[in-house]
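Shown next, in structure tokens, is the structure this report addresses.
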Amino acid sequence: DIQMTQSPSSLSASVGDRVTITCRASQTIRRYLNWYQQKPGKAPKVLIYAASSLRSGVPSRFSGSGSETDFTLTISSLQPEDFATYYCQQSYSIPRTFGQGTKVEI
Amino acid sequence: QVQLVQSGAEVKKPGSSVKVSCKASGDTFNIYGITWVRQAPGQGLEWIGGIIPIIGTSNYAQKFQGRVTITADKSTSTAYMELSSLTSEDTAVYYCAREFRGGGWFDPWGQGTLVTVSS
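This is the structure in structure tokens:
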């Protein structure tokens, strides 16, 4: 199975900050990497798919980059509604696997 | 707008089984896959398995092999996830989601179904 490791596990930030979350795969996954946002009590929502494609309707302050084993999710200017937990997920192979999550707190 | 609507919360005894349904709108079953993910209280996301309804093939995470069955009824656009031999460690919110074939991302997700296993 492909292991996905996110860092950090949590971070504290302020409104307006630039935030970067990294995700590393245990083997190459090319660009089969997706990012989700989850708020308490809610289902996850996809933000970025195929490493860098922004899902329609997602604000442009979210961006993704990377390939092979190293990936990044960046929030260019953190907004109050962005405080949530973020997960990466590889879709290169079965079983699909997720990172452990990064909680973004005030 | 595509929606996935799941069945309601369940309380089960240890050793029993649970079957969660996921009804999809639109062309989901003709084009996409359906995947199942669970989340234990306070924990992260865990992939259980998925199905491609138009073909009928299923894949499962090794951890659940032999204990989970994912099926799809094309006539009603409803997918099912049945998990047997339940223990307290199966207490979780179970989500279904549409999987984009070829790309493998999950969008949208169902609202989630809480399964509580307790004696």
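So the sequences go chain by chain: A and B.
Position 25 of the first sequence, counting from 1, maps to 25 under this note's numbering, and the rest follow consecutively.
Position 69 of the second sequence, counting from 1, maps to 69 under this note's numbering, and the rest follow consecutively.
C-beta: ideal position from N, C-alpha, C; glycine also.
Simplified DSSP assignment, three categories, for B:ASP27: In the three-state DSSP reduction, B:ASP27 falls in the coil class, being neither helix nor strand.
Excluding the 5 residues preceding and the 5 following A:PRO44 in the sequence, name in chain order all residues of the same chain whose CB lies nearer than 8 Å to its CB. Here the set comprises TYR36, GLN37, GLN38 and TYR87.
Those residues which DSSP pairs with B:LEU83 across a bridge: For B:LEU83, which the question treats as bridged, DSSP gives the partners B:VAL18 and B:VAL68.
Counting contacts by CB-CB distance shorter than 8 Å, is B:THR35 in contact with chain A? Interface residue, yes.
Can you tell which of A:PHE62, A:SER52, A:SER7 and A:GLY99 has its C-alpha closest to the C-alpha of A:ARG18? Ranked by how close their Cα comes to the Cα of A:ARG18, the residues A:PHE62, A:SER52, A:SER7 and A:GLY99 have A:PHE62 in first place.
Counting beta carbon pairs with one atom in the region 49-62 of chain A and one in the region 1-10 of chain B, are three or more of them shorter than 8 Å? Touching, no.
Residue from A:SER10, A:GLU105, A:ILE75 and A:PHE71 with nearest C-alpha to A:SER26: Nearest in C-alpha terms to A:SER26, of all of A:SER10, A:GLU105, A:ILE75 and A:PHE71, is A:PHE71.
Taking a contact to mean a Cβ-Cβ separation below 8 Å, would you say B:GLN62 touches A:PRO95 in this structure? It is a contact, given that the beta carbons lie within the stated cut-off.
Name, please, each residue of chain A whose Cβ falls closer than 9 Å to the Cβ of B:GLN111. In chain order: LYS42 and ALA43.
What is the C-beta distance between A:SER10 and A:THR102, in whole angstroms, given that I count them as a contact (C-beta under 8 Å)? Cβ-Cβ separation between A:SER10 and A:THR102: approximately 7 Å, consistent with a contact (criterion under 8 Å).
To the nearest angstrom, report how far apart B:ILE54 and B:CYS22 are at their CA atoms. When rounded, the distance between both Cα atoms is 16 Å.
Within chain A, partners of B:GLN62 - CB distance below 9 Å: ASP1 and PRO95, listed in chain order.
Identify which residue in B:GLU89, B:PRO14, B:ALA72 and B:GLY102 has its Cα closest to the Cα of B:PHE29. When each option's Cα is compared against that of B:PHE29, the closest is B:ALA72.
Excluding the 5 residues preceding and the 5 following A:GLN100 in the sequence, name in chain order all residues of the same chain whose CB lies nearer than 7 Å to its CB. Closer than 7 Å at the Cβ level, and outside the excluded window around A:GLN100, lie GLN6 and SER9.
Taking CB distances under 8 Å as the criterion, tell me whether A:THR71 reaches chain B. One detail in the question is off: residue 71 of chain A reads as Phe in this sequence, not Thr. Cβ-Cβ to chain B under 8 Å: no for A:PHE71.
Residues that A:SER91 contacts on chain B, provided the C-beta gap is smaller than 7 Å: Ordered by position in chain B, the residues that pass the 7 Å Cβ test against A:SER91 are GLY103, GLY104 and TRP105.
Quick one, are the C-beta atoms of B:ILE34 and B:GLU82 less than 8 Å apart? At least 8 Å separates the beta-carbon of B:ILE34 from that of B:GLU82.
Apply the 10 Å Cβ neighbour rule to A:ILE48 and answer buried if 16 or more other Cβ atoms are within range, or exposed otherwise. Buried, by the Cβ-count rule.
Using a Cβ-Cβ cutoff of less than 6 Å, which residues in the same chain neighbour A:SER14 once the five nearest sequence positions on both sides are dropped? Within its own chain, no residue has a Cβ closer than 6 Å to the Cβ of A:SER14 once the five positions on either side in sequence are excluded.
Report, in whole angstroms, the separation of the C-beta atoms of B:ASP107 and B:ALA97, which I expect to be a contact under 8 Å. The pair is a contact, with the Cβ atoms about 7 Å apart (cut-off 8 Å).
Between the alpha carbons of B:THR69 and B:GLY49, how many angstroms are there, rounded? Answer to the nearest angstrom: the Cα atoms are 9 Å apart.
For A:ILE75, list the residues DSSP reports as bridge partners. A:VAL19 and A:PHE62, per the DSSP bridge assignment.
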